[in-house]
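Novice: Can you keep this structure in mind? I'll have questions shortly.
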């Protein structure tokens, strides 16, 4: 399964708590679309895995991932030049989109300190890892995009970074209930699940189904003013989970194999499950077991 923006926000909140102020000790690139970053944290040592693999793009702390370092590719050497020995200032997300920005205070060979950025775009076959200077000019990208490949958005050294195109959805964390209601009303004529997917940023199909289920509405039921109010009430509980950091990380299994992961309980699923004590450990376990 793929990350949705909501689950990513839960994971990022944990990463900020764990990694803000950490020093980047060593950067490895075991594959063209995979980075492993060794960190000196407040509690000792940690390892951050960043993958732009089209099949399994993700970012999380890892205990289980094993790799052979080998000779560093050019992209890895460039990362070491700009980010190694830097201090992680913050880890943020663009709204509830699947775009993560790791801001790092780093000092160059001339002794100048600046905040540079590692941008992680977790977007299926468009996933990427992009390095930015303090003015958001692209230093390089793991997967360069030329004008011939995209007329809308290029990714190559020397140009200003441009975020992925928006989908005109609303962020449940920053928009009012009234704004969310109006957005859902625009989806009149769609099913409840489809309306949620079209209206709320960061919500994937699993969470959209769960919101319907908790609201007592069939996912394929037609949207009307009555069930919009029930959907909004349930959305408020999902908003509270993030504001209160009240996560319930769980992996669901089908025939003994990991099938889904979620930062909240998916009460509509009738599957075996294993709960975890934090979101990062849940994601690490899910992909190590696959």
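Residue numbers (our numbering): 1 to 290. Ideal Cβ placement from N, Cα and C applies to all residues, glycine included.
(1) Measuring straight from C-alpha to C-alpha, what distance separates residue 283 and residue 261?
(2) When the distance is taken between beta carbons, is residue 208 closer than 8 Å to residue 196?
(3) Should residue 214 be labelled buried (16 or more other beta-carbon atoms within 10 Å of its own) or exposed?
(4) Which first and last residues belong to the beta strand (DSSP E) in which residue 257 is found?
(5) Near residue 144, what residues of its chain come up, given a Cβ to Cβ distance below 7 Å and the 5 sequence neighbours on each side ignored?
(6) Going straight from the alpha carbon of residue 73 to that of residue 137, what length do you get?
(7) Alpha carbon to alpha carbon, how far is residue 49 from residue 141?
(8) Closest by CA to residue 59, which one among 76, 102 and 198?
(9) From the DSSP output, which residues share a beta bridge with residue 59?
(10) With C-beta atoms as the reference, is residue 13 less than 8 Å away from residue 245?
(11) Of all the alpha helix (DSSP H) runs that stay within the bounds of the stretch 164–242, which reach a length of 4 or more residues?
(12) Could you tell me which residues DSSP pairs with residue 90 in its beta bridges?
(13) Is the stretch 263–281 in contact with the stretch 241–255, if contact means three or more CB pairs nearer than 8 Å?
(14) Select from 97, 32 and 86 the residue whose C-alpha is nearest the C-alpha of residue 70.
(15) What whole-angstrom Cβ distance do residue 38 and residue 18 have, given they're in contact under 8 Å?
(16) Among the residues of its own chain, which have a CB less than 8 Å from the CB of residue 253, if the five just before and after it don't count?
(17) Sort 16, 226 and 210 by Cα distance to residue 181 and report the nearest one.
(18) What's the call for residue 224, buried or exposed, on a 16-neighbour Cβ count within 10 Å?
(19) Smallest Cα separation from residue 264: which of 242, 255 and 257?
(20) Comparing alpha-carbon positions, which option in 40, 167, 121 and 169 lies nearest residue 56?
(21) Would you say residue 75 and residue 29 are within 8 Å of each other, going by their C-beta atoms?
(22) In angstroms with no decimal places, state the Cα-to-Cα distance between residue 238 and residue 187.
(23) With hydrogens ignored, establish whether the beta-carbon of residue 121 is closer than 7 Å to any heavy atom of the ligand ZN.
(24) Just curious, the beta strand (DSSP E) that residue 140 is in, first and last residue?
(25) Within the same chain, show all residues whose beta-carbon is closer than 6 Å to that of residue 23, passing over the 5 residues directly before and after it, in chain order.
(26) With distance defined between alpha-carbon atoms, name the residue in 21, 36 and 34 nearest to residue 44.
(27) Is the Cβ-Cβ distance between residue 91 and residue 16 less than 8 Å?
(28) When burial is assigned at 16 or more other CB atoms within 10 Å of the CB, is residue 152 buried or exposed?
(29) How long is the line joining the alpha carbons of residue 35 and residue 116, rounded to whole angstroms?
Specialist: Taking the coordinates as given:
(1) Within the chain shown, the letter at position 283 stands for residue 283. Within the chain shown, the letter at position 261 stands for residue 261. Taking the straight line from one Cα to the other gives about 7 Å.
(2) Here residue 196 corresponds to residue number 196 of the chain shown, with the count starting at 1. Here residue 208 corresponds to residue number 208 of the chain shown, with the count starting at 1. Yes, these two residues count as a Cβ contact at 8 Å.
(3) Here the question's residue 214 lines up with position 214 in the chain shown. With 16 or more other Cβ atoms within 10 Å, it is buried.
(4) Numbered from 1 along the chain shown, position 257 holds the residue referred to as residue 257. 257–262 is the extent of the beta strand (DSSP E) around residue 257.
(5) Within the chain shown, the letter at position 144 stands for residue 144. Closer than 7 Å at Cβ, skipping near neighbours: 155 and 156.
(6) On the chain shown, position 73 is the one that residue 73 refers to. On the chain shown, position 137 is the one that residue 137 refers to. So the two alpha carbons sit approximately 22 Å from each other.
(7) Position 49 of the chain shown holds residue 49. Position 141 of the chain shown holds residue 141. So the two alpha carbons sit approximately 17 Å from each other.
(8) Residue numbering aside, residue 59 sits at position 59 when the chain shown is read from its first letter. Comparing Cα-Cα distances from residue 59 to each of 76, 102 and 198, the minimum goes to 102.
(9) Here residue 59 refers to the residue found at position 59 of the chain shown. Its beta-bridge partners are 50.
(10) Here residue 13 is taken as the residue at index 13 of the chain shown, counted from 1. Here residue 245 is taken as the residue at index 245 of the chain shown, counted from 1. Contact flag set, yes.
(11) 177–185, 192–199 and 205–214
(12) Your numbering for residue 90 matches position 90 in the chain shown. Answer by DSSP bridge pairing, in chain order: 103.
(13) yes
(14) Residue mapping note: residue 70 aligns to position 70 of the chain shown, counting from 1. Nearest option by C-alpha distance: 32.
(15) Sequence index remark: in the chain shown, residue 38 carries index 38 (1-based). Sequence index remark: in the chain shown, residue 18 carries index 18 (1-based). Incorrect: roughly 14 Å between the Cβ atoms, too far for contact.
(16) Here residue 253 corresponds to residue number 253 of the chain shown, with the count starting at 1. Cβ neighbours of residue 253 beyond the five flanking positions: 259, 271, 272, 273 and 274.
(17) Start at 1 with the first residue of the chain shown, and residue 181 comes out as number 181. When only C-alpha atoms are compared, the closest one is 226.
(18) Stepping through the chain shown from its first residue, residue 224 is reached at position 224. By the neighbour-count rule (16 or more Cβ atoms within 10 Å), residue 224 is not buried but exposed.
(19) Taking the first residue of the chain shown as position 1, residue 264 is located at position 264. Checked all of 242, 255 and 257; the closest Cα to residue 264 is 242.
(20) Along the chain shown, one-based indexing puts residue 56 at 56. Measuring from the Cα of residue 56, the nearest candidate turns out to be 121.
(21) Within the chain shown, the letter at position 75 stands for residue 75. Within the chain shown, the letter at position 29 stands for residue 29. Yes, the pair counts as a contact, with Cβ atoms nearer than the cut-off.
(22) Counted from its first residue, the chain shown places residue 238 at position 238. Counted from its first residue, the chain shown places residue 187 at position 187. Between residue 238 and residue 187, the C-alpha separation is close to 21 Å.
(23) The ligand ZN is absent from the structure shown, which contains no ligands of any kind.
(24) Reading the chain shown from its first residue, position 140 is the one you call residue 140. Residues 138–141.
(25) If you number the chain shown from 1, residue 23 lands on position 23. Result list for residue 23: 40 and 87, in chain order.
(26) For the purposes of this step, residue 44 is identified with residue 44 of the chain shown, where counting begins at 1. Comparing Cα positions, the closest option is 21.
(27) The residue you call residue 91 lines up with position 91 of the chain shown. The residue you call residue 16 lines up with position 16 of the chain shown. Yes, the pair counts as a contact, with Cβ atoms nearer than the cut-off.
(28) Taking the first residue of the chain shown as position 1, residue 152 is located at position 152. Its Cβ having fewer than 16 others within 10 Å, residue 152 is exposed.
(29) Numbered from 1 along the chain shown, position 35 holds the residue referred to as residue 35. Numbered from 1 along the chain shown, position 116 holds the residue referred to as residue 116. In a straight line, the C-alpha of residue 35 is about 17 Å away from that of residue 116.
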